[in-house]
Each structure stands twice: as structure tokens, then as C-alpha cells.
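Colleague: If you're matching positions, the sequence shown starts at 67 in this note's numbering and goes up one per residue.
Glycine residues also receive a C-beta, built at the ideal position from the N, C-alpha and C atoms.
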Amino acid sequence: GIYNGCRVSVMGSGMGMPSMGIYSYELYNVYDVDNIIRIGSAGAFDDDLNLMDIVLGMGSCTDSNFAAQYNLPGIYAPIADFTLLKTAYDVAEEKHFSVKVGNVLASDVFYNDDTTVNDRWKKMGVLAVDMESAALYMTAARCRKHALTILTISDHLYRGEKLSAQERQTGFTNMMETALETAVRLQNNRQMEDL
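(1) Could you say which of Arg208, Thr149, Tyr89 lies nearest to Asn137 if we only look at CA atoms?
(2) Between the alpha carbons of Ala231 and Leu246, how many angstroms are there, rounded?
(3) By DSSP, does Ala146 sit in helix, in strand, or in coil?
(4) The beta strand (DSSP E) spanning Thr236 covers which residue range?
(5) Asp147: which of Ser199, Lys188, Ala213 sits nearest, CA to CA?
(6) Taking Leu217 and Ser107 to be in contact with their CB atoms under 8 Å, please state how far apart those CB atoms are, rounded to whole angstroms.
(7) Could you please give me the residues that DSSP links to Asp196 through a beta bridge?
(8) From Val195 to Val76, what distance separates their C-alpha atoms?
(9) I'd like the ranges of any beta strand (DSSP E) spanning at least 3 consecutive residues and lying wholly in the region 69–129.
(10) Are Leu202 and Arg104 closer than 8 Å when you measure CB to CB?
(11) Give the DSSP bridge partners of Thr215, in chain order.
(12) Would you kindly work out how many angstroms separate the C-alpha atoms of Asp114 and Lys211, rounded to a whole number?
(13) Confirm, please, whether the CB-CB distance from Asn70 to Val192 is below 8 Å.
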């Protein structure tokens, strides 16, 4: 579709890292997409985060073995594309949205039997948890493309707070505006470079 005069594609990515890996790989390699901005919900670890806050995933820790496919001789640190990250941060700040940048966790497990696992990630300064960001960042790196994860806090895992179903349906507008405006600015900057 068209948003503020720029062509933008919007699609689902499924749930979890296997699905995210498939969608992003095909978008990058079959459809020649250069940039993917994933939006979604997250559970907060950080005490300073509140429901509806935006988190920009600068890096993504994971409990997954997704990186094993690359047969690397060490541990890979999946990160966002800096241009996308900085642009999204600038957009959110200009719009006076509550935004925080930092590490997130992409977990393979939604209901974990080990109830202490979140405490250990929190001690390392991880802000929030989703289930896709690490796979997106690793796939982008492998394909030599660009990616960013923008999350809205839907649950606070330490305060027991959560958005209602209605709030989840209608309350993610700030995150969506941030993603769309980031895409517009990216296209406008590319057009200026082509002049």
C-alpha cells in the first residue's frame, strides 16, 4: 500500500523463530526486500518499562539454537541495523512516545517450567522478551540485509500487569506509526541519495 506517499508492504510473519526465519529469508532472497521492520508485542523485564511503552531491540539474546545452522566457531550476537534503529528512535522521540532502546530476548518458550529464567535475563539488563527478533537479525545478517524489531509492552512479567484483548487490538498505534514513519524516512533518504 501507500503511506504518506511511499510504497510500503505489510505482512504477517507467523509466531516464533522458525516462522520468522522462513518469512524473512524468503522476503530477502526471493522478493529482494532490503529492509524488514518487525512490530509485535513483548513482555517486560525492566522495572522502568510500562504497558504500551515502545522497545527498540538493539540486540537480541536468545535461548534458541537458531545460529547452529551457520556452524560458527563461537556465539553470534544478533543486532539491529543502526540506520533503522536510529531512524526509529528519532521518530519515536519526535512524536513524544515512551521509547527505550536495548537488548531483548527472543525465546523459544512461552510457558517456561523454570520460573527463575526471567530473573537471570533481567540481571543482564535485558529489557523485554519476544519470540522472533533473534531469528530476524540473524537472517538479515546472513543475507546481508537490514532489520529492526519494534515492540510494544503488552505484559509486565514482574508486576503482573497486562493489556486487555481490546487494548491489544487497538493500542499498538504508536508502534505502528513509528515503523511506518521509519520506512517513509528511509525511502525519502534513498531518493535524495539517488539525486
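Modeller: On the basis of the supplied data:
(1) On the sequence shown, position 71 is the one that residue 137 refers to. Of the candidates Arg208, Thr149, Tyr89, the residue whose Cα lies closest to the Cα of Asn137 is Arg208.
(2) Translated into positions along the sequence shown, residue 231 becomes position 165. Translated into positions along the sequence shown, residue 246 becomes position 180. Roughly 23 Å between the two C-alpha positions.
(3) By one-based count along the sequence shown, residue 146 stands at place 80. Ala146 sits in coil when the DSSP states are folded into three classes, being neither helix nor strand.
(4) Translated into positions along the sequence shown, residue 236 becomes position 170. It is not in any beta strand (DSSP E) - Thr236 instead sits in the alpha helix (DSSP H) that spans 231–236.
(5) Residue numbering aside, residue 147 sits at position 81 when the sequence shown is read from its first letter. It is Ala213 whose Cα lies nearest to the Cα of Asp147.
(6) On the sequence shown, position 151 is the one that residue 217 refers to. On the sequence shown, position 41 is the one that residue 107 refers to. Between Ser107 and Leu217 the Cβ distance is about 7 Å, and since that is below 8 Å, they are a contact.
(7) Taking the first residue of the sequence shown as 1, we reach residue 196 at position 130. Beta bridge pairing from DSSP links Asp196 with Ala172.
(8) Here residue 195 corresponds to residue number 129 of the sequence shown, with the count starting at 1. Here residue 76 corresponds to residue number 10 of the sequence shown, with the count starting at 1. Val195 and Val76 have their C-alpha atoms some 23 Å from each other.
(9) For the region 69–129, the full-length beta strand (DSSP E) segments reaching 3 residues or more read 101–110, 120–128 along the chain.
(10) Taking the sequence shown and counting its residues from 1, the one referred to as residue 202 is at position 136. Taking the sequence shown and counting its residues from 1, the one referred to as residue 104 is at position 38. Closer than 8 Å, so yes.
(11) Here residue 215 refers to the residue found at position 149 when the sequence shown is read from its first residue. The partner list for Thr215 (beta bridge, DSSP) reads Arg104.
(12) Your numbering for residue 114 matches position 48 in the sequence shown. Your numbering for residue 211 matches position 145 in the sequence shown. A direct Cα-Cα distance of roughly 32 Å separates Asp114 from Lys211.
(13) Counted from its first residue, the sequence shown places residue 192 at position 126. Counted from its first residue, the sequence shown places residue 70 at position 4. Cβ atoms of Val192 and Asn70: not closer than 8 Å.
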